[in-house]
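From first to last, the protein sequence lines stand for chains G and W.
Residues in the first sequence are numbered consecutively from 1, following UniProt numbering.
Residues in the second sequence are numbered consecutively from 1, following UniProt numbering.
Backbone N, C-alpha and C fix where the C-beta goes; we use that ideal spot for every residue, glycine too.
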Amino acid sequence: MAFCIGELSHIPAGKALITEINGTSIGIFFEDGEVYAVRNVCPHKLAPICEGAVCGTMLPSKPSQFEFGLEGKVLRCPWHGWEFSLETGEALFGISNRKVKTYPVEVKDGMIYVEMG
Amino acid sequence: MEANKVNKIIDADVHPWINGDIKGLLPYLSKSMQKVFDGRLTLPDHPLRPPLEKSTSIRLDATPPGGGAGGSDPIYMREVLLNRYNIEHAILTSVQAGKIVVYPNPIEATALARAFNDYFLNEWLTLDSRYKLAMCIAVHDPLKAAEEIRRIGHERGVVAVFMPLFNILMGNSYYYPIYEAAEELGLPILIHPTGTEGGFSTSVSMAGGVPSSYIERHTDFPQIAYGNLVSMVFEGVFVRFPKLKVLAAEFGYSWVPSVMWRMDQNWRNFRKEVPWLEKEPSKYLLDHVRFTSQPVEEPEKGKYLMQIFEMMHAEKTLIFSTDYPHWDNDFPDNTFTTLPEPVKQRIFYDNAAELFNLNKLEITR
């Protein structure tokens with residue numbers, strides 16, 4: 001079912017709005033016009049991942065070259081630095097098969113609705 | 001004890017010696033270079049010597065009947081090593097040549113490496129085709145080293161490039177001309193302690209400081225391979241040179257599982273520092289790096305060694321070596337006697353044959 005967790009305008013810039021739904025801590029992110037809902041638990045060591053940085057990262061490249069990309073699409077855990085796709089929850093570029101849990105989210109009339117089973 | 005049953009053997013770490021150091025090499029140096037070395041014909045020794053008779057790492061009982069240092073007579077070595085243990089190929093790596101890293105002068109070091117190579121090609125490989133050479137290079141001038149690889153790397157019996165290390169980690173682009181040439185010739189890079197580590201300003205430093213005894217520096221050898229292999233993997237050497245192989249000889253191997261785990265763990269954390277890696281770091285190690293067996297490690301319980309073999313995929317990564325004629329040499333008749341036959345075959349022969357292209361060698365060269 002969909003849970004209304006507040007107004008879109010309440011999400012602070014560059015940070016997650018961290019809230020609880022039925023005892024589960026989740027973070028809501030608003031980046032470049034997109035809203036994401038992520039469970040606030042890193043699958044690696046259970047860190048509060050939504051307190052980590054939303055950032056970009058280095059894309060696969062040739063040796064000795066750096067190519068920065070995915071700006072605003074990466075959630076980096078504040079503990080060990082594991083990087084996940086904000087969109088899919090998948091660990092980036094094959095570092096792990098483990099995913100961070102994401103939830104469908106919708107904005108209607110400026111209000112945020114998160115779908116949780 | 002029942003003799004170990006091994007059908008075919010390749011010995012990946014054998015040490016020939018040239019009596020008189022540079023004096024013995026004079027016929028292989030140009031007249032001008034002979035003059036350059038005039039009055040200084042002895043290669044320097046590390047001050048921390050083995051606490052053995054005559055302070056040498058060479059076994060006293062390996063002295064040839066005609067005299068000279070153990071390992072200096074190819075006919076005697078043929079008898080006591082190749083024939084006695086039925087060794088099909090013996091890879092000659094001159095640690096004596098490895099001492100060139102103490103020379104700060106690239107012209108001198110390059111000339112010595114070339115002379116060592118010509119000496120062994122002429123005096124050993126022509127004598128018995130079972131002798132194979134890990135040709136030596138002077139890393140002082142990587143472009144000249146690459147030239148040397150291209151000069152003799154195609155010669156029959158040259159099967160590896162022995163790279164005595166400077167205090168520059170192997171992932172550094174400084175060495176890339178050498179890797180390019182080795183890959184081009186299909187020769188693996190062989191690293192081995194040179195006995196100079198921690199003793200000279202140009203040679204490899206030991207981690208944490210300067211050891212104060214032979215027992216310390218000998219125990220610490222694995223550090224060198226550990227740091228250099230981590231450097232190669234993370235700097236992307238095996239992405240840049242996808243056919244390059246490395247043999248870490250006499251650096252031990254019980255640490256290999258640990259380094260693989262640490263590399264992978266840190267890659268999951270900090271992949272963005274090395275975005276050029278296309279797979280887990282440990283996979284590069286397993287695909288590109290091999291380790292020699294001597295000195296066989298002696299854990300508290302024998303079964304621990306088998307567990308380490310499983311962790312390091314020894315059936316793929318470990319290669320038998322004697323280290324003849326050094327004091328801590330191992331021989332086939334009492335080494336890995338309880339291993340299952342298929343694994344034994346891999347360690348005593350197949351892994352080395354693949355690394356050194358030995359079967360192909362017989363057909364094409």
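First and last residue of the beta strand (DSSP E) that includes residue i?
| i | result |
| --- | --- |
| Val289(W) | 289–292 |
| residue 366(W) | With chain W running from 1 to 365 in the structure shown, residue 366(W) is simply not present. |
| Lys73(G) | 68–76 |
| Leu247(W) | 246–248 |
| Lys8(W) | Looking at the DSSP string, Lys8(W) is not in any beta strand (DSSP E), and its letter there is neither H nor E. |
| Lys108(G) | 105–108 |
| Ser85(G) | 83–85 |
| Ile5(G) | 2–7 |
| Ala53(G) | 53–58 |
| Tyr113(G) | 111–115 |
| Phe30(G) | 24–31 |
| Ile18(G) | 17–21 |
Given residue i, which residues of its chain have a CB within under 6 Å of its CB, disregarding the five upstream and five downstream residues?
| i | result |
| --- | --- |
| Ser254(W) | Glu297, Ile308 |
| Ala12(W) | Ile91, Thr292, Ile319, Ser321, Ala352 |
| Arg346(W) | Glu315 |
| Ile363(W) | Summary for Ile363(W): the model assigns pLDDT 45, below 50, so the residue's position carries little reliability, and this model does not support an answer. |
| His15(W) | Gly71, Val95 |
| Lys284(W) | It is worth fixing the name first, because residue 284(W) is Tyr in this sequence and not Lys. Result list for Tyr284(W): Val233, Phe238, in chain order. |
| Glu51(G) | Pro78 |
| Gly20(W) | none |
| Trp267(W) | Pro281 |
| Phe348(W) | Val6, Ile9, Phe320 |
| Gly98(W) | Pro164, Thr194 |
| Thr338(W) | none |
| Tyr36(G) | Phe29, Leu86 |
Using C-beta distances below 7 Å, list every residue in its chain close to residue i, excluding the 5 sequence neighbours before and after it, in chain order.
| i | result |
| --- | --- |
| His154(W) | Leu185 |
| Lys243(W) | Glu183 |
| Val204(W) | Leu165, Asn167, Glu197, Ile224 |
| Pro325(W) | His15, Ile58, Arg59, Ala62, Gly70, Gly71 |
| Asp350(W) | none |
| His46(W) | Gly195, Thr196, Gly199 |
| Ala113(W) | Ala97, Ile100, Cys136, Ile137, Ala138, Glu148 |
Give the C-beta separation of residue i and residue j to the nearest angstrom, bearing in mind that I take them to be a contact with Cβ-Cβ under 8 Å.
| i | j | result |
| --- | --- | --- |
| Val38(G) | Gly89(G) | 7 Å |
| Val289(W) | Ala248(W) | 6 Å |
| Ala182(W) | Val161(W) | 5 Å |
| Ile95(G) | Trp82(G) | 7 Å |
| Met260(W) | Val230(W) | With a Cβ gap of about 10 Å, Met260(W) and Val230(W) do not count as contacting. |
| Leu59(G) | Val74(G) | Not really, about 11 Å apart at Cβ, beyond 8 Å. |
| Pro104(G) | Glu87(G) | Their Cβ separation, rounded to whole angstroms, is 12 Å, which puts Pro104(G) and Glu87(G) out of contact at 8 Å. |
| Glu31(G) | Gly6(G) | Wrong, their Cβ atoms sit about 17 Å apart, outside the cutoff. |
| Pro51(W) | Tyr175(W) | About 34 Å; that fails the 8 Å criterion. |
| Arg271(W) | Pro63(G) | The pair is not a contact, with the Cβ atoms about 14 Å apart (cut-off 8 Å). |
| Leu133(W) | Val159(W) | 7 Å |
| Glu88(W) | Arg156(W) | Wrong, their Cβ atoms sit about 16 Å apart, outside the cutoff. |
| Pro332(W) | Tyr119(W) | That pair is no contact at about 28 Å. |
| Gly227(W) | Val274(W) | Actually they are not in contact, since the Cβ atoms of Gly227(W) and Val274(W) sit about 16 Å apart, beyond 8 Å. |
Mind checking who residue i pairs with in its DSSP beta bridge?
| i | result |
| --- | --- |
| Thr102(G) | Val38(G) |
| Leu318(W) | Phe291(W) |
| Val237(W) | Val237(W) pairs with nothing; no bridge assigned. |
| Val14(W) | Leu92(W) |
The alpha helix (DSSP H) that contains residue i, what's its start and end?
| i | result |
| --- | --- |
| Ile22(W) | 22–25 |
| Met260(W) | 256–270 |
| Ser32(W) | 31–36 |
| Ile49(G) | From DSSP, Ile49(G) is part of no alpha helix (DSSP H); its letter is neither H nor E. |
| Lys95(G) | Sequence check: residue 95(G) is Ile here, not Lys. Counting along the chain, Ile95(G) falls outside any alpha helix (DSSP H), and DSSP gives it neither H nor E. |
| Ile308(W) | 302–311 |
Given residue i, which residues of its chain have a CB within under 8 Å of its CB, disregarding the five upstream and five downstream residues?
| i | result |
| --- | --- |
| Ser55(W) | Arg49 |
| Lys99(G) | Pro43, Phe84, Thr88, Gly89, Glu90, Ala91 |
| Asn359(W) | Ala353 |
Report task. Note down, one range per segment and in chain order, each alpha helix (DSSP H) of at least 4 residues found wholly within the stretch 159–233 of chain W. Result -> Segments of the alpha helix (DSSP H) lying fully in the stretch 159–233 of chain W: 176–185, 214–219.
Report task. Just list the alpha helix (DSSP H) runs in the stretch 101–171 of chain W, keeping only unbroken ones of 4 residues or longer that don't cross its boundaries, in chain order. Result -> 106–120, 142–152
Query - Runs of beta strand (DSSP E) lying entirely within the stretch 50–91 of chain W, each at least 3 residues, in chain order - result: none
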